[in-house]
Each structure stands twice: as C-alpha cells, then as structure tokens.
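All residue numbers in the sequence shown are consecutive under my numbering, ending with 196.
For glycine and all other residues, C-beta sits at the position ideal for the given N, C-alpha and C.
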Amino acid sequence: MGSRIEHRAEFSAGLAAVLAAVSGEDALRARLKELGGDNAALLSHAVDGDTVRYELQHGIAAQRLPQAVQALHRGDIIVHRKQVWQRSGDAYTGKVDVSVSGVPGEIGAQTFLTPRGERVEFRTSGEVTVRIPLFGGKIEEFVAQQVTNLLAREADFTASWLAEHA
C-alpha cells in the first residue's frame, strides 16, 4: 500500500487559459526554469487535437536529499514525469506517471481540470509506491510530502502565469 497524494487548486481564468498554463510548451519551460531543480528539461511536448502529452525531467542534487534516502541511493536523483491531458466533455482529465532513477517504485496520479463557474478547479489524486523492505513506507511518506509541496508551488506559479498571460 502506498502513500496518498491529494492536491487541489482553483484559478480565476477560463478552461482554455488554465490548460495552456499547465500544459503549454512556453509555460512548462518557464515553470521548469523556476521550479524544476537541477538538470530540469522538457523532453517532449505534443498536441493532437484535444490531447496534450509531455514529458518533464526534474533533478535533485544528492546533497539536498534526506539522510535516509542518501543511505539507499548514491548520487543525484533524476525524476521523469509523463503527463497526458485529454478533453472529457466540458473538462480535461489527465494521467501522470513518474519514475525516479535508481528507486524501485513509482508515482501515479489522475489529474482533473474542471470548470466551476468563473473559476477552474485543478485536482490531483494519486499514490506513491516504493518497494524497499522496512524503509519503503518512510520514503513513500517523504516523497508524498515533497510531491504535495511541489504541486502547491506549481499552482502558485500557474496563478502568476495566468495573471501575466491570460
């Protein structure tokens, strides 16, 4: 059993503007520059009709990792994050798959962009799973907290992006 990730944010913009702010190529590059960590990169980005797919790379320097993680993983950590957004009626639903170099586990989540009157709700619901006997649960909890913190920082970035570009 993994550790849950739940995050919710609301934005004062229309659905198209919010989708562009969370999945547009320019917004992703700017977000990575500000929040992506070491060796951050937009590895791929494609739009096909009402579907957007992209892959991001985040980096975490070894010296910034907690001691428990450093004991189990030598060197920097590279995080690969794949996201797909697809139109679903008057909303967008998505799927996120995350893998971490050298760590036996994954992060999976569902994402939702849902109009709520004059606002758009962005919701993420997922789970962190780390398959390391004895230590996996502790690492899952740490990773889930870090992911939740990152989602909050990304929501703040998105709000700022919308204020400047929408």
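Proximity of residue i and residue j at Cβ, strictly below 8 angstroms
i	j	result
A47	A196	yes
V150	V133	no
L49	L72	no
V109	V126	no
T123	I35	no
R94	F187	no
A182	F152	no
H37	T178	yes
Reference residue i, options the options, closest by Cα
i	options	result
F172	V158, R149, L86	V158
R128	V52, K112, G44, T141	It is Val, not Arg, that sits at residue 128 in the sequence shown. Out of V52, K112, G44, T141, K112 has the C-alpha closest to the C-alpha of V128.
R146	F187, S33, L45, G135	L45
G135	G167, S118, D120, G89	G167
S190	S42, T144, I35	S42
I137	E194, I169, A51, L164	I169
Per DSSP, cross-strand counterpart(s) of residue i
i	result
S155	E36, Q140
I108	G89
G124	W115, T141
Neighbourhood of residue i by C-beta distance below 7 angstroms, restricted to the same chain and skipping five residues each side
i	result
A91	D68, D106
Own chain, CB closer than 8 angstroms to residue i, minus 5 neighbours either side, in chain order
i	result
S53	V82, Y84, Q113, W115
G89	G66, G67, D68, N69, A70, D106, I107, I108, V109
K63	A70
Sequence-distant residues of the same chain with beta carbon closer than 6 angstroms to residue i, five excluded per side
i	result
R117	D80
A174	S33, I35, V158
F142	T123, R153
A51	A57, T188, W191, L192
E55	H75
Cβ separation of residue i and residue j, assumed to be a contact under 8 angstroms, to the nearest whole Å
i	j	result
Q176	G156	Actually they are not in contact, since the Cβ atoms of Q176 and G156 sit about 13 angstroms apart, beyond 8 angstroms.
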